[in-house]
Each structure stands twice: as structure tokens, then as C-alpha cells.
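Number of protein chains: 2
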Amino acid sequence: MSEQCELCREDGGEVIHRNDRLRVVLVDDADYPGFCRVIWNAHVAEMSDLPPADRAILMRAVCQVESALREVLQPEKINLASLGNMVPHLHWHVIPRFADDAHFPHPIWAQAVRQTAVEVLAARRALLPALRAAIARHVACEG
Amino acid sequence: MSEQCELCREDGGEVIHRNDRLRVVLVDDADYPGFCRVIWNAHVAEMSDLPPADRAILMRAVCQVESALREVLQPEKINLASLGNMVPHLHWHVIPRFADDAHFPHPIWAQAVRQTAVEVLAARRALLPALRAAIARHVACEG
């Protein structure tokens, strides 16, 4: 626990799943409906700061979220990233990418290359209830 | 194997370690000495396309490279990412980040915010022989 760390103080999004080790949150990003983060609860900076068993638990959750995103949103690609340069508290971005999204085929941190049509984004947002259910199902299935 | 895929056709960098499942390559990036990639040998797009045992093997290698980078380069942060929007062949970026690098604290895919001093980059490049040795040692140690 670090008092300066926003991921120690706050959930970091809408919590879809939480256990004693980690939480899965849905990020409220207008351009990326379905963008999730898997956040380790304890204040640790790097994957290699975790014991191997905990790394495995964290990556299993990341892959469960990836599977749920693929199932419900059927994206072109999934992007996974653990950066933490600004918030050095271990968290994984799990991002569904589409050929018509704001940055494709570039990373979402690059300059935007288009604006996705509002009705396309609305259709993806309409799938969020199904995504919440799929994530709950995937994390329950594999423990 | 896909004939259109550059990571099926080519190594994708200087190979530091290779086994039957994956390879670790050193990327020749002028701004990021020590930037490595861990590339799955078979043509697979997503982590969740791999069986769980293979995912674990891949992430173990990613963490071994992370550990070697931390030991030799002592970066401010490690960035891990599996994107693959342009080359949908599973590969992990393992990037040592420094407060004085071209994009810090932003991801390396954002717009550059500075030019790192040439002598600083040269000093980091001078550590690459030690990095090659450390990666070889880490992958040997833990299998």
C-alpha cells in the first residue's frame, strides 16, 4: 500500500471481478468499449517482483479476460500491455482492437488516425452487459 | 507457418536464445538499447490461442528477459506488451524504460518528448554484451 498510488487508493474502474489477489475492471474509454484492466491488489511494480506462482495467477486472469473479450466482441486483435511508467503499480491493459478503431493498426498510445463512427461504438457498448457476464463466467470456470 | 508473415520468414532481430518453442531477440533500436522481443516460433496470433502450458512457458521467458534487463540495465521501469496489430504472430516486447528516454513517461509508441543524450545511449549500448550473457544465464537457470 502506497498512499501516493492511485491504484492503491482507488479501484481504477468499474470492478467486474475481485478476489484477494487481483481485480478486473472495465475502463470507461469512449473510443475503446470493452477496454479492461487486470490490476494486482498489492503495490508491486514489476512482474518479476512477484513470485512465479503469483505471476501465473495474474496471467491466467489476463488470458481469461482476453478470452471473454474475443468471445463477446470478436475483435481483430487483442492488445496486452503492462507499462506502469506513470502508475508503477502492476496492472495489465487488455484492449480489444478493431480495424476501424481510432488508432488501428497502431498502438492506442500513438496518434489517432480516425474517428470511429458513433453507431459502431454504440453497438460495441451495447455488448458490455454480455462482456461483464462472460468475464464472470471465465474467471469462475478456471478458478 | 505463414508465407506472408515476417516473423515466420525471419528471426526478427539478433537471436540471443532459441529453443523449439520460442526465441529471444535483441532489437536494434537506436533510442532503446536493450529492447528485446520474445517471439513464439509457431504462427499463432493471441495468447489465448496457446494451450495454458505454452502460455506459461512463454511468460516465463518474458519474465526471464525482464529479470536480465533489470539486473544489467537497472531501468526505471520495464514495459511489456503483446500487440501484433501489424504482425499478428505472437511476440512480446520487453522494453527497458528510463526517465531520460525518448518517450518517458509515455509509451514508446507515443510522440517522442526528448532526445536522449548520445553518451547516455552509448553507455547503455556498452552494456549489451553483459545483457546477452545475463539473458543466457536466466533462461538456462530456470529451464
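As they're listed, the protein sequences go chains A and B. FYI, the working numbering numbers position 12 of the first sequence as 12, with every residue one higher than the one before it. FYI, the working numbering numbers position 115 of the second sequence as 1115, with every residue one higher than the one before it. Even glycine gets a Cβ: it sits at the ideal position worked out from N, Cα and C.
Residues of the region 1058-1069 of chain B that bring their beta carbon within less than 7 angstroms of a beta carbon in chain A comprise M1059, C1063, E1066, S1067, in sequence order. Note that the region 1127-1138 of chain B does not touch the region 1097-1105 of chain B; fewer than 3 beta-carbon pairs, one per stretch, sit closer than 8 angstroms. DSSP places B/E1071 within a helical segment (H, G or I) once states are collapsed to three.
In chain order, K77, N79 make up the part of chain A whose C-beta sits under 8 angstroms from the C-beta of B/G1084. Listed along chain B are N1085, each with a C-beta nearer than 7 angstroms to that of A/R97. Against B/W1109, the close residues of chain A are H106, P107, W109, A110, in the order they occur along the chain (beta-carbon pairs closer than 7 angstroms). Runs of beta strand (DSSP E) with 3 or more residues, each lying fully within the region 1058-1140 of chain B, are found at 1077-1082, 1091-1097, listed in chain order. The beta-carbon distance between B/S1082 and A/R70, rounded to whole angstroms, is 14 angstroms. This is too long to meet the 8 angstroms contact definition. When C-beta atoms of the region 52-68 of chain A are compared with those of the region 1043-1062 of chain B, three or more pairs fall below 8 angstroms, so the two segments count as touching. Listed in chain order, the non-local C-beta contacts of B/D1101 below 6 angstroms within the same chain comprise T1116, local neighbours out to five positions each way being set aside. The three-state reading of DSSP puts A/E46 in coil, since its state is none of H, G, I, E or B. For A/E3, the three-state secondary structure derived from DSSP is coil.
Cβ-Cβ distances below 6 angstroms link A/R23 to V15, I39 in the same chain, with the five nearest sequence neighbours on each side left out; the list follows chain order. Out of B/G1012, B/L1080, B/V1065, the CA that lies nearest to the CA of B/L1128 is found in B/V1065.
A straight line joining the alpha-carbon of B/P1096 with that of B/N1041 spans about 23 angstroms. Contact with chain B is absent for A/M1, since none of that chain's Cβ atoms lies less than 7 angstroms from the residue's Cβ.
Chain-ordered listing is empty here: chain B has no CB closer than 8 angstroms to the CB of A/R37, the nearest sitting near 14 angstroms. Under DSSP, B/E1010 takes part in no beta bridge, so it has no partner. Looking at B/C1005, B/H1093, B/Y1032, the one whose alpha-carbon comes closest to that of B/A1112 is B/Y1032. Annotation: A/R21 is outside any beta strand (DSSP E) and is labelled neither H nor E by DSSP.
The residue from A/D29, A/V44, A/D20 with its alpha-carbon nearest to that of A/L7 is A/V44.
Neighbourhood of A/R125 in chain B, by CB distance below 7 angstroms: empty, with the nearest CB roughly 22 angstroms away.
By the Cβ-count criterion, B/A1122 is exposed, with fewer than 16 other Cβ atoms from all chains shown falling within 10 Å of its own Cβ. For a Cβ distance threshold of 7 angstroms, residue set A56 of chain A lies close to B/A1056, ordered along the chain. Restricting attention to B/V1072, B/P1051, B/E1046, B/C1063, the CA atom closest to the CA of B/H1091 is found in B/E1046.
For B/Q1074, the closest C-alpha among the options B/F1098, B/V1118, B/R1018 is that of B/F1098.
The straight-line gap separating the alpha-carbon atoms of B/V1094 and A/V118 is approximately 35 angstroms.
Of all residues in the region 1024-1054 of chain B, those with a C-beta nearer than 8 angstroms to a C-beta of chain A are A1045, E1046, M1047, S1048, P1052, reading in chain order. By the Cβ neighbour-count rule, B/N1079 is buried, with 16 or more other Cβ atoms within 10 Å of its own.
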